[in-house]
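Participant: Sharing a structure with you now.
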Amino acid sequence: MKKVILYVNQFFGQIGGEDKAGIEPEIHEGQIGPAMQFAKELSGIAEVTHTIICGDNYMGSNTDEAVETILGMLEGKEMDMFLAGPAFQAGRYTVACGTICKAVKEKYGVPVVTSMNEETPGVDMFKKDMYILKGGNIASKMRKDVKAMANVAKKILAGEPVGPADEEGYFARGIRHQAWRKDGKPASERMMEMLVKKLNGEPFVSELPIPKIDRVPIAPAITNLGEARIALLNTGGIVPVDNPDRIQSASATRWGRYDISGDKVLKGGEYKTIHAGFDPAAADADPNVITPVDALKELLKEGVYGSLHPYFYTTVGTGTTESEAARMAKEIIPFLQEDHVDGCILVST
Amino acid sequence: MKLEIGNFYVKDIVFGNELSFKDGILTVEKDEALKFILEDDRITEAELYIAKPGDKIRMCPVKEAIEPRTRLDGRGLFPGYTSELAPAGNGVLHALKNCSVLVVGKHWGGFQDGIIDMSGEGQKLTYFGQLNNIVLVADTNEEFERYEQQKKNDALRRAGHKLAEYIGTCVKELKPEDTDVYETTPMIKRGTEIEKLPSVVYVMQPQSQMEAMGYNDLVYGWDTNHMLPTVMSPTEILDGAIVSGSFMPVSSKWSTYDMQNTPNLRALMDAHGKTINFLGVIMSNLNVALEQKERAALYVAQIAKSLGADGAVVAEEGYGNPDADFVGCLVALEDAGVKTVGVTNESTGRDGHGQPLVTLDEKCDAIVSCGNVGELIELPPMETVLGELQALARDGNSGGWDYDEILGPSVREDGSIILENNGVFCGDQVAGWSPKQMMEF
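Following this line, the structure appears as structure tokens:
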């Protein structure tokens, strides 16, 4: 039998109303308040072993202490999942549920589930970090909201996949996957319906809501190029011929760095491109067309810039997701910072 | 223009003494068919198989799919490609439905090839899992590309097209079960009843990214990389004027079968006169240089505007670099006052966190989204493999790999596989079949 622990506020923990909102966290064995319905919903799969109660004001104004105390209370407890709420439309309570769920997930690595109304601040603050079920606006929705949380909880506890946000009733977490429509409606029919609605000025729902694009501000110019240390990076797949880091030819998740210190040169036959998104002939014959080590060394001799970072860095751009690219950049940046690089040349293909 | 397609529904395929079609059973005389295929002296080895829904068969590396058909007037099926150049889009065709000819490499695959499973969890990943397939497994003497990651697959693809035409001849003299009639009238002479409906164009962006010839989709045998957007009749598309190429990660591919049956096109033709006035097709492309993308978008918007289109549907055969063409074209059309719907797939990665398209614009407010090329897929071993499974891991398939420190190789010793959706043959079905949709999790 799996073990679950629930967090509730002073009101649902049956301690009191607003006058008790300042109480410090306490932990009780067994089930208090909503924990009893969770126990019923999860029966046969999990037991609710403890209920944690904390005042909303205490959590709001002494957040660090409250979180630390609760994490301490959980130390050594058997726990397969942590639940909080449901918090309905109570603003402070929703933030408390999000805060404690996030902390418990990070510290103990267990899945967390909560519920709040869409009009509350907790939704935007925490929806990317956890499953937040779309809850009602008043406490009379308790049965329904607990049931919705329990449905998702049961799937997670059983190791079953949790369905799409709209189907399961949680707030989308900024994750997009392909899924099979229940009605099996093919793309051509969906296209026709959307087209006719758009033409007639009727409301329609795009299957790809356009997200806000992350724009990176352009760095200030290098003021003294003559003394600047320059590094060379590329997403054009230039690697030693044996591709020692096994960088993928498309949808890359791997990168490598290769020594170009001293009088090292890049020759066809010794280096090549493993990028599968363009005709490789020119780059295989002369890798310098993508990673211009020859030109950079010439310019160095001429004193155009100060010095060259002794490695060039390679990955493949074709099909590579923006999130993987950002991760690889974060892995590469420390090497550049350690060597006090002032500027980078990033070549695509 | 008027195209009539007489349908012969294939319920079963068997090998027998004579190429024939009777009571839903397609009989193929194997030796004769193989002799026909081996007439191309580039084909060094060939074998035929049958793969039907429910069969415990996995195919890899799959290169092309074609619907077997025949033209009653003797004209070839793919003018400018496997037959003499001639106008397409008029006349009578007989087609074997629920049936395709699949071409599979006996050993060697590449970036652009894929897998098909006929049963189990993988069957639903591609439309071809539900068809009765005649499978040509062959090898060639094309030594120049044997170890190349990008393959033209020229001999094998042509063999598939010719085989589809060869098999189609068995229904030439027979009476079809039913007939689909696709008729278009001149755009400006349709009468007030039709013309009061909102008018719509279908913009096709077929794969044309490769600068070298021999890899891209062909229109009447002409490389789509070398063309500017132009107007075509939907009946030409359904009648073999365009054939698939050999370049893109294969889940994004529109096989020739998809072109011959383009569901989006048929849905628009079906709605013609009811909810829309379907003007026709603007055939564009997906060239890589920015200027070529901008020029194509400019042409598409101008043509749509000149034709008086109120609305447009844009579909792209690819992702990544082609997203720039797709979004650029949608924006150009919206800027020209044409209300536009896009059909595409996405690349949100294995974890689903990635940006869906390489570039985005708020004007793209109506998109049908058919799949995630990076979706990680794990499939159990399959009793029978046609082709060579190692091609998925060894030959640089866009959805496979030979090494990963966490996931291991794509092809495991027990025959189970792990791959990205990228490697599923025509998996994203942007041509309109797709029952898949991108959803928020």
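Those sequence lines, one after another, are chains A and B.
Residues 1443 to 1791, numbered by the numbering used here, are exactly what the first sequence covers, in order.
Residues 13 to 453, numbered by the numbering used here, are exactly what the second sequence covers, in order.
Using N, Cα and C, we set each Cβ at its ideal position, and we do this for glycine too.
#1: Give the DSSP bridge partners of B:A63, in chain order.
#2: Of all the alpha helix (DSSP H) runs that stay within the bounds of the stretch 1581-1619 of chain A, which reach a length of 4 or more residues?
#3: Starting from B:C382, find everything on chain D with Cβ-Cβ shorter than 7 Å and list it in chain order.
#4: If contact is defined by three or more beta carbon pairs under 8 Å, each pair taking one atom from either stretch, is the stretch 1752-1762 of chain A in contact with the stretch 1687-1705 of chain A?
#5: Taking 8 Å as the CB-CB limit, is B:Q142 close to chain A?
#6: Residue range of the alpha helix (DSSP H) that B:D190 falls in?
#7: What whole-angstrom Cβ distance do B:R81 and B:V115 have, given they're in contact under 8 Å?
#8: Where A:K1739 and A:N1730 are concerned, what is the direct C-alpha to C-alpha distance, given to the nearest angstrom?
#9: Would you list the one or two residues that DSSP bridges to A:G1678?
#10: Is the beta carbon of A:F1646 sitting closer than 8 Å to the one on A:M1636?
#11: Under 8 Å, Cβ to Cβ, is there at least one residue of chain A near B:C376?
#12: Report the residue ranges of all alpha helix (DSSP H) runs contained in full by the stretch 209-284 of chain B; include only those spanning at least 4 residues, in chain order.
#13: Distance check for B:S359 and B:E44, CA to CA, integer angstroms please.
#14: To the nearest angstrom, how far is it from the Cα of B:E205 to the Cα of B:G285?
#15: Using the beta-carbon of each residue, which ones in chain A are nearer than 9 Å to B:T287?
#16: For the stretch 360-413 of chain B, list the beta strand (DSSP E) runs that are entirely contained and at least 3 residues long, ordered along the chain.
#17: Between B:G323, B:T247, B:M71, which lies nearest to B:S428 when the distance is taken from Cα to Cα?
#18: Report back the beta-carbon spacing between B:H106 and B:F20 to the nearest angstrom; my notes put them in contact at under 8 Å.
#19: In whole angstroms, what is the alpha-carbon distance linking B:P99 and B:P91?
#20: Return the chain-ordered ranges of every beta strand (DSSP E) run that is complete within the stretch 1484-1560 of chain A and spans a minimum of 3 residues.
#21: Using a beta-carbon distance cut-off of less than 9 Å, what residues from the stretch 211-227 of chain B approach chain A?
#22: With a 10 Å radius around its C-beta and 16 neighbouring C-beta atoms as the bar for buried, classify A:H1470 as buried or exposed.
#23: At 8 Å on the CB atoms, spell out the chain A contacts of B:G364, in chain order.
#24: Return helix, strand or coil for A:I1787, following the three-state DSSP convention.
#25: Chain B partners of A:P1606, CB-CB under 7 Å?
#26: Which two residues bound the contiguous alpha helix (DSSP H) that contains B:Q304?
#27: Whose C-beta lies closer than 6 Å to the C-beta of A:I1732 among residues of the same chain, with five residues either side of it excluded?
#28: Let me know the alpha helix (DSSP H) ranges lying completely inside the stretch 36-92 of chain B, each 4 residues or longer, listed in chain order.
#29: Mind checking A:F1524: buried by the 16 CB within 10 Å criterion, or exposed?
#30: What are the boundary residues of the beta strand (DSSP E) that B:Q449 is part of?
#31: Pick from A:A1477, A:G1577, A:G1502: whose alpha carbon is nearest that of A:P1467?
#32: Using the three-state DSSP reduction, which class does B:K14 fall into: helix, strand or coil?
#33: Smallest Cα separation from B:D373: which of B:V380, B:F338, B:L404?
#34: Would you kindly work out how many angstroms separate the C-alpha atoms of B:K163 and B:K265, rounded to a whole number?
#35: Please classify B:K208: is it buried, with 16 or more other beta-carbons within 10 angstroms of its beta-carbon, or exposed?
#36: What residues match up with B:N19 in a beta bridge as DSSP calls it?
Facilitator: Reading off the structure:
#1: B:N145
#2: 1584-1599, 1607-1610
#3: Looking at the structure shown, chain D is missing, and the protein chains on hand are A and B.
#4: With a cut-off of 8 Å on Cβ pairs, the stretch 1687-1705 of chain A is in contact with the stretch 1752-1762 of chain A, counting three or more such pairs.
#5: For B:Q142, no Cβ of chain A is located within less than 8 Å of the residue's own Cβ.
#6: B:D190 -> not in any alpha helix (DSSP H); beta strand (DSSP E) instead, spanning 190-195.
#7: Wrong, their Cβ atoms sit about 16 Å apart, outside the cutoff.
#8: Spanning the two alpha carbons is a distance of roughly 11 Å.
#9: A:V1758
#10: Result yes, Cβ atoms of A:F1646 and A:M1636 sit closer than 8 Å.
#11: yes
#12: 246-250, 268-273, 275-283
#13: 44 Å
#14: 8 Å
#15: M1634, L1637, V1638, L1641, N1642
#16: 379-384, 388-391, 396-399
#17: B:M71
#18: 6 Å
#19: 7 Å
#20: 1488-1496, 1523-1526, 1554-1558
#21: V212, Q221, M222, E223, A224
#22: exposed
#23: I1617, R1618, H1619
#24: strand
#25: Below the 7 Å Cβ cutoff, chain B contributes M451, E452, F453 as neighbours of A:P1606, in chain order.
#26: 302-318
#27: Excluding sequence neighbours, A:I1732 sits near N1676, G1678, I1680, A1725, V1789.
#28: 42-49
#29: Sixteen is the threshold: when 16 or more other Cβ atoms of the shown chains lie within 10 Å of the Cβ of A:F1524, as they do, the residue is buried.
#30: 448-452
#31: A:G1502
#32: strand
#33: B:F338
#34: 14 Å
#35: exposed
#36: B:A107, B:D190
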